[in-house]
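A quick write-up on the structure given underneath.
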Amino acid sequence: MRGALFLLMSLVALSLGGSLYELLIKEQIKNIPLEKAIVVGEGDRKLITVINPDCPHCRAEWKKLRAHLEKLRIYVFLFPFHSWGEENVLKSHYIACSEDKLKALDDVLLGKLDGKVPKVDKCPLVEEHLKVVRKLGVDSVPYNIIPDKNKIIEGFSANLLKELGVE
Numbered sequence: 050m051r052g053a054l055f056l057l058m059s060l061v062a063l064s065l066g067g068s069l070y071e072l073l074i075k076e077q078i079k080n081i082p083l084e085k086a087i088v089v090g091e092g093d094r095k096l097i098t099v100i101n102p103d104c105p106h107c108r109a110e111w112k113k114l115r116a117h118l119e120k121l122r123i124y125v126f127l128f129p130f131h132s133w134g135e136e137n138v139l140k141s142h143y144i145a146c147s148e149d150k151l152k153a154l155d156d157v158l159l160g161k162l163d164g165k166v167p168k169v170d171k172c173p174l175v176e177e178h179l180k181v182v183r184k185l186g187v188d189s190v191p192y193n194i195i196p197d198k199n200k201i202i203e204g205f206s207a208n209l210l211k212e213l214g215v216e
């Protein structure tokens with residue numbers, strides 16, 4: 050029965066002009082509450098990204114993406130790992146509740162606050178981000194979604210800028 054259902058769904062997807070995978074991604078993207086994201090950049094090329102403040106691959110991607118904010122609009126969702134300690138969680142709250150989110154992202158992702166995170170109150174936005182992360186089924190970072198291509202890139206990608214059309 051499962052095989053027949055999958056075949057039927059695949060045929061419907063093909064008749065609509067795409068693969069079943071692309072249609073599933075498109076549906077997933079449509080349900081992401083972008084109004085809850087931290088939005089940086091003024092460009093027309095969109096990227097939805099899930100990051101952890103201390104993830105070395107997230108930091109490496111940020112350095113590359115940061116140079117192209119005039120071409121990109123990045124929707125950031127924070128995914129602190131409690132198992133990485135209190136500082137990791139505090140960095141997420143610092144970013145989420147900062148008035149200048151771009152500066153806060155830079156401070157954290159460029160390592161300026163490593164070992165010296167200011168004490169901050171819990172920010173409800175972090176819990177909202179965690180709900181989105183759970184709904185997406187994300188379990189590792191960086192996790193990037195390119196909505197215009199209905200594409201998900203799990204983990205670090207040296208070709209991310211090329212995929213976004215900015216390099």
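Those letters in the sequence shown? Residues 50 to 216, per our numbering, in order.
Beta carbons: idealized from backbone N, C-alpha and C, even for Gly.
**Report entry** alpha helix (DSSP H) segment containing lysine 150, residue limits
**Finding:** Secondary structure note for lysine 150: its alpha helix (DSSP H) is the uninterrupted segment 150-158.
Requested in this report: Within the same chain, show all residues whose beta-carbon is closer than 6 Å to that of isoleucine 87, passing over the 5 residues directly before and after it, in chain order.
Outcome: If you ignore the 5 residues before and after isoleucine 87, its C-beta comes within less than 6 Å of the C-beta of Val125 and Lys150, all in its own chain and listed in chain order.
Query - CB contact flag (arginine 94, lysine 112, <7 Å) - result: Between arginine 94 and lysine 112, the C-beta gap is not smaller than 7 Å, which leaves the two residues out of contact.
Query - Distance CB(serine 147)-CB(proline 102) smaller than 7 Å - result: Taking C-beta atoms as the reference points, serine 147 and proline 102 fail to come closer than 7 Å.
Report task. On the DSSP bridge assignment, give the partners of arginine 122 in chain order. Result -> BP columns for arginine 122 point to Lys95.
Report task. Within the same chain, show all residues whose beta-carbon is closer than 7 Å to that of valine 157, passing over the 5 residues directly before and after it, in chain order. Result -> When the five nearest sequence neighbours on each side are left out, the beta carbons in the same chain lying within less than 7 Å of the beta carbon of valine 157 are those of Pro102, Lys140, Tyr143 and Ile144, in order along the chain.
**Report entry** Residue from Leu213, His178 and Pro82 whose Cα sits closest to the Cα of isoleucine 100
**Finding:** The candidate whose alpha carbon is nearest that of isoleucine 100 is His178.
Requested in this report: Counting only the same chain and skipping the five closest in sequence on each side, list residues whose C-beta sits under 7 Å from that of phenylalanine 130.
Outcome: Spatial neighbours of phenylalanine 130 in its own chain (CB-CB distance under 7 Å, excluding positions within 5 residues in sequence) are listed in chain order as Asn101 and Asn137.
Query raised in the report: Do you know whose CA, among Lys79, His106 and Leu210, lies nearest glycine 204's CA?
Result: Of Lys79, His106 and Leu210, the residue nearest in Cα terms is His106.
Query raised in the report: Residues in its own chain within less than 8 Å of leucine 210 by CB, not counting five upstream and five downstream?
Result: So the list reads Lys113, Leu114, His117 and Glu216, once near-sequence residues are dropped.
Query raised in the report: Hey, cysteine 104 and valine 190: beta-carbon distance below 7 Å or not?
Result: Here cysteine 104 is near valine 190, since their CB atoms are less than 7 Å apart.
Query raised in the report: Should glycine 90 go down as buried or exposed, given a rule of 16 or more other Cβ atoms within 10 Å for buried?
Result: Result: buried.
Query raised in the report: From what residue to what residue does the beta strand (DSSP E) around threonine 200 run?
Result: Residue 200 is actually lysine in this sequence, not threonine. Counting along the chain, lysine 200 sits inside the beta strand (DSSP E) bounded by residues 200-203.
Query raised in the report: Taking Cβ to Cβ, would you say aspartate 78 is nearer than 7 Å to proline 167?
Result: First, the residue type needs correcting, since residue 78 is isoleucine and not aspartate in the sequence shown. Contact check for isoleucine 78 against proline 167 fails: the beta carbons are separated by 7 Å or more.
Requested in this report: Identify the continuous alpha helix (DSSP H) that holds asparagine 193 and give its terminal residues.
Outcome: For asparagine 193, there is no enclosing alpha helix (DSSP H); the residue is part of the beta strand (DSSP E) that begins and ends at 192-195.
Query - Residues sharing a beta bridge with valine 88, DSSP - result: Its beta-bridge partners are Tyr124.
Report task. Take leucine 162 and list the residues in its own chain whose beta-carbon comes closer than 8 Å to its own, dropping the five residues that flank it on each side. Result -> Hits under 8 Å: Lys140, Tyr143 and Asp156.
**Report entry** Per DSSP, cross-strand counterpart(s) of isoleucine 144
**Finding:** Answer by DSSP bridge pairing: none, since isoleucine 144 is not bridged.
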